[in-house]
Amino acid sequence: MLTSRFLALLGGVTLLAGAGVVLSHVLLPIGYSLPFTITTMVLFILVCVAIFFLGRRSAGAENKLLFSNVFLASTIAKMFLCGMLVVGYVILGEPSSKLFIVPFFWLYLVYTGFEVYFLMKLSAIVAR
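For the sequence shown, the UniProt record's numbering begins at 1 and goes up steadily by one.
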């Protein structure tokens, strides 16, 4: 997958994610969590970009297990980062309700689905 194609798809996915975030903030009384939602979205975009470049680099490596290792390590790191983000917001932000998690899960699902898509495309290089 070319970098330009990845960035175009990332832009489309970000528009979809943004539409879901706007919808959830309009329909639910979670205006207090807008900074958390924006931070989460930016974080997921950065994680996607990092995983793409790490995956692309490891897909062309001689060691065919390197791609799997990068995928596993990035998945664990992302899950740990998400846990820290949510727990940190609950402790430091003291939200008035637990509904702030709705846009977070939406963003997590959208960007994780996108990561699976582009990693499958990159894994075709490993299979050769």
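We put the CB at the ideal spot given by N, CA and C, even for glycine.
Remember, it's a predicted structure, so these values are computed and weren't measured experimentally.
Check, Outcome
"Burial state of R5 (16 or more Cβ within 10 Å)", "exposed"
"Distance between I38 and A29 (C-alpha atoms, nearest Å)", "Reading off the sequence, residue 29 comes out as Pro, not Ala. Each residue's Cα considered, the two are about 16 angstroms apart."
"Helix, strand or coil at G60 according to DSSP, with G and I counted as helix", "coil"
"The alpha helix (DSSP H) enclosing K78, as first and last residue numbers", "65-88"
"Sequence-distant residues of the same chain with beta carbon closer than 6 angstroms to L104, five excluded per side", "Reading the sequence as shown, one finds Phe at residue 104 and not Leu. The answer, listed in chain order, is T40."
"Integer Cβ distance of I51 from E115, believed to fall under 8 angstroms", "6 angstroms"
"Length of the line joining the Cα atoms of V70 and V21", "29 angstroms"
"Proximity of F100 and Y32 at Cβ, strictly below 9 angstroms", "yes"
"Backbone secondary structure at L2 - three-state DSSP", "coil"
"DSSP-derived helix/strand/coil call for E115", "helix"
"Environment of L92 [buried if 16+ CB atoms lie within 10 Å]", "exposed"
"DSSP state of L7 mapped onto helix, strand, coil", "helix"
"Beta-carbon proximity of V13 to V110, cut-off 9 angstroms", "yes"
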